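One structure is given here, and the rest of the page talks about it.
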Ligand code: PAN
Ligand code: ZN
């Protein structure tokens, strides 16, 4: 295993900013092709309001190998693409039997999980929510509130990220705003 010296970072509970983070990933609307059910609405939003930042991830870079514990903080901005809340791309872990834990920091959101057999579950998250992503479940998070939604995550170093399976197939259910509230509904595009 690659040796790493002990170190500490600082997480701002009010904003979700984690520093120092050697890498800050930014996902704008233009990075989210075919992620949302209403792809036409995504393109229209870019034309009308510009290439808005959807979320950023403050990554503490560590060796992605067995034994290490990777961690980061994600801040999702408020907004919707069509009826669907702003959310992360979502992924399975490459090693499907690797779990993860999320800690809600600020704002309101949902953790959306999908198992291999197509079962989808969503868990509301807010400040102090500790949510468990069990092995074998794909996961993504959505901001269902009016301000930023931020959470901290930690997962095994050798888990890896498989985005392709979700990009190709999507989740069987999507989280939409219906009568002003989050509702988990069938994905109309499911192939
Ligand atoms: C999280 C996610 C993070 C961004 O740290 O990677 O929230 O979401 P996407 O990776 O789907 O863009 C995690 O689940 N790590 O394994
Ligand atoms: Zn993950």
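Residue numbers (the working numbering): 846 to 1036. Cβ coordinates follow ideal geometry from the N, Cα and C atoms, glycine included. Since we're looking at a predicted model, the values are computed, not measured.
Element boundaries [beta strand (DSSP E), containing residue i]
{"i": "residue 986", "result": "982-988"}
{"i": "residue 919", "result": "914-921"}
{"i": "residue 966", "result": "965-970"}
{"i": "residue 873", "result": "868-873"}
{"i": "residue 976", "result": "975-978"}
{"i": "residue 1023", "result": "1018-1023"}
{"i": "residue 995", "result": "994-1001"}
Collapsed DSSP secondary structure at residue i in the structure displayed
{"i": "residue 902", "result": "strand"}
{"i": "residue 953", "result": "coil"}
{"i": "residue 907", "result": "coil"}
Whether residue i touches residue j by CB criterion (8 Å)
{"i": "residue 997", "j": "residue 958", "result": "no"}
{"i": "residue 868", "j": "residue 904", "result": "yes"}
{"i": "residue 987", "j": "residue 954", "result": "yes"}
{"i": "residue 890", "j": "residue 926", "result": "yes"}
{"i": "residue 1034", "j": "residue 1017", "result": "no"}
Residue span of the alpha helix (DSSP H) that contains residue i, given as start and end
{"i": "residue 890", "result": "884-894"}
{"i": "residue 862", "result": "Element bounds for residue 862: n/a, residue is neither H nor E."}
{"i": "residue 1009", "result": "1009-1014"}
Residues whose Cβ lies closer than 7 Å to any heavy atom of the ligand ZN, in chain order: Around the ligand ZN, the residues whose beta-carbon falls short of 7 Å from at least one of its heavy atoms are 936, 938, 945, 978, 984, 998, 1000, 1004, 1006, given in chain order.
Between the segment 896-911 and the segment 995-1004, are three or more C-beta pairs nearer than 8 Å? Because the criterion of three Cβ pairs below 8 Å is met, the segment 896-911 and the segment 995-1004 touch.
Using 8 Å as the Cβ pair cut-off and three pairs as the minimum, do the segment 987-997 and the segment 938-955 touch? Touching, per the Cβ criterion.
When you compare the segment 873-890 with the segment 922-935, are there three or more beta-carbon pairs, one atom per stretch, that lie closer than 8 Å? Touching, yes.
Given 8 Å, three or more beta-carbon pairs between the segment 969-976 and the segment 936-947: Short answer: they touch.
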